[in-house]
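What follows is a short report on a single structure.
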Amino acid sequence: MTVTKFNHIGHCVTNVERSRKFYEQALGFKYDRELTVEGEGTSKLLRVKLPLKLHAVYLVREGFTLELLYYSQPGTAPQRERAMNEPGLTHISLNVRDMPATLKKIKDLGGQVLDDTNLVAAVFVKDPDGQLIELIQQR
Numbered sequence: 004m005t006v007t008k009f010n011h012i013g014h015c016v017t018n019v020e021r022s023r024k025f026y027e028q029a030l031g032f033k034y035d036r037e038l039t040v041e042g043e044g045t046s047k048l049l050r051v052k053l054p055l056k057l058h059a060v061y062l063v064r065e066g067f068t069l070e071l072l073y074y075s076q077p078g079t080a081p082q083r084e085r086a087m088n089e090p091g092l093t094h095i096s097l098n099v100r101d102m103p104a105t106l107k108k109i110k111d112l113g114g115q116v117l118d119d120t121n122l123v124a125a126v127f128v129k130d131p132d133g134q135l136i137e138l139i140q141q142r
């Protein structure tokens with residue numbers, strides 16, 4: 004196999020500062036680095052029309068890298084909520100030590116707890132941009 008290692012998952016956000024605060028303070032991610040890119044090469048790679056300016060912030064947690072992508076030009080409108088059985092990536096899943104405290108932080112930092120999914124040992128939440136995240140109570 005030619006793949007040598009997992010690199011990252013990219014997540015397009017509408018406010019990079021808000022999202023960084025959410026993932027760091029509510030979910031324990033740590034800042035790694037950031038970069039800003041623009042121009043024709045970036046436009047070609049990302050398949051986003053010019054003018055294009057992208058600010059990316061990389062957050063890490065236990066070997067997992069989350070790339071927060073903020074485009075200076077807004078993209079398409081948010082899509083409808085996807086069903087879990089539709090093809091494609093569906094969610095991020097994280098173990099947590101203290102579910103009640105984590106859920107409080109999520110609400111306080113602009114996220115949403117999907118109360119109808121709360122099985123105590125696991126629950127789905129959304130980040131401020133609607134990204135689905137599964138939290139599993141660590142035993």
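The number in my numbering is simply the position in the sequence shown, starting from 1, with 3 added. All C-beta atoms in this analysis are idealised placements derived from N, C-alpha and C, irrespective of residue type, glycine included.
Status (buried if at least 16 other CB within 10 Å, exposed otherwise) for Thr105
buried
In chain order, each beta strand (DSSP E) run of at least 3 residues that lies wholly inside the stretch 34 to 72
56 to 64
6 Å Cβ shell around His11 - same chain, five flanking residues per side excluded:
Thr68, Glu70
Rounded to the nearest angstrom, how far is the Cβ of Lys33 from that of Arg64, given a contact under 8 Å?
7 Å
Mind checking whether Arg100 and Gln141 have CB atoms under 8 Å apart?
yes
Looking at the structure shown, is Ala104 part of a helix, part of a strand, or coil, going by DSSP?
helix
To the nearest angstrom, report how far apart Lys52 and Asp35 are at their CA atoms.
28 Å
Using 10 angstroms around the beta-carbon of Arg23, count the other beta-carbons present and answer buried if the total reaches 16, otherwise exposed.
buried
For the alpha helix (DSSP H) containing Ser75, name the first residue and the last one.
Where Ser75 is concerned, there is no enclosing alpha helix (DSSP H), given that its DSSP letter is neither H nor E.
Determine the burial state of Leu117: buried for a count of at least 16 other Cβ atoms within 10 Å of its Cβ, exposed for fewer.
exposed
For the beta strand (DSSP E) holding Val19, just list the boundary residues, first then last.
Note, Val19: premise wrong, no beta strand (DSSP E); alpha helix (DSSP H) at 19 to 28.
Buried or exposed, going by whether 16 or more other CB atoms sit within 10 Å of the CB of Pro131?
buried
Along the beta strand (DSSP E) that carries Glu127, what are the first and last residues, could you check?
Reading the sequence as shown, one finds Phe at residue 127 and not Glu. Run containing Phe127: 125 to 129, per the beta strand (DSSP E) assignment.
Using only alpha-carbon positions, find the residue among Gln115, Thr45, Phe25, Gly66 that is nearest to Lys8.
Gly66
Give a single yes or no on whether Met102 has its beta carbon closer than 7 Å to a heavy atom of the ligand FMN.
As presented, the structure is devoid of all ligands, the ligand FMN included, so that no description of it is given.
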